[in-house]
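Please read the structure below before turning to the comments.
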Amino acid sequence: MPVAAPGLVLLDSVTQVGFGHAGQLVVTGSHGGASVVPYARAVRAWMYVFNDAGVGREGAGIAALGLLDADGIAALTVAHTSARIGEALDTWERGVVSHLNAAARRLGLSAGTPLREQLDCGQESDGSPRARL
């Protein structure tokens, strides 16, 4: 059963996050490296979604997950093989969860399953997901 999520926000870059996105599910096209952490800390979303960018050396592509978990912010990545880096819509539509922090696990999410199948953000009257672009 999908986890009920608040509104969906699609941002190609986490640098576009704004205070109006607080408390929302923020799906980005950004990698999950440490450089995204200041943006996520500044705007406390319900959850952040990033791309694992192939994970990289010493876990560089997913470094934000542990750092955000220490702040109680749920975050996860989708596999770079499942969604284009830099494209939030592709992340939402095709991304498969690859890594997640403990805060995201506590919400009931897991790796290996498409992101969109695990989250219910409600729907518009035409059946499309309720999203803010």
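Per this note's numbering, the very first residue in the sequence shown carries number 22; after that it's consecutive.
Ideal Cβ positions, reconstructed from N, Cα and C, are used throughout, including at glycine.
In the DSSP assignment, the beta strand (DSSP E) including residue i goes from what residue to what residue?
i: V48; result: L46 to H52
i: L121; result: V118 to L121
i: L31; result: L29 to L32
i: F40; result: Note, F40: premise wrong, no beta strand (DSSP E); not H, not E.
For the alpha helix (DSSP H) that contains residue i, what are its first and last residues?
i: T102; result: No alpha helix (DSSP H) contains T102, which DSSP labels as neither H nor E.
i: V58; result: V58 to A63
i: L136; result: L136 to Q139
i: W113; result: A109 to R115
Just to confirm, is the Cβ distance from residue i to residue j under 9 Å?
i: A124; j: A95; result: yes
i: G54; j: A74; result: yes
i: M68; j: L32; result: no
i: V70; j: T98; result: yes
i: V38; j: A81; result: no
i: S131; j: L121; result: yes
i: S51; j: I106; result: yes
i: T112; j: L89; result: no
For the candidate residues the options, whose alpha-carbon lies nearest to that of residue i?
i: T49; options: E79, P135, E108 and G87; result: E108
i: F40; options: L29, V64, H52 and N72; result: V64
i: H42; options: T134, E138, S51 and G28; result: G28
i: L128; options: R78, G93 and L110; result: G93
- How about the region 54 to 61 and the region 104 to 119: do they share at least three Cβ pairs that are nearer than 8 Å? Pairwise C-beta distances place the region 54 to 61 out of contact with the region 104 to 119, as fewer than three of them are shorter than 8 Å.
- Query: Unbroken alpha helix (DSSP H) runs of length 4 or more, entirely within the region 73 to 100: which are they?
  - Reply: You should have 84 to 90.
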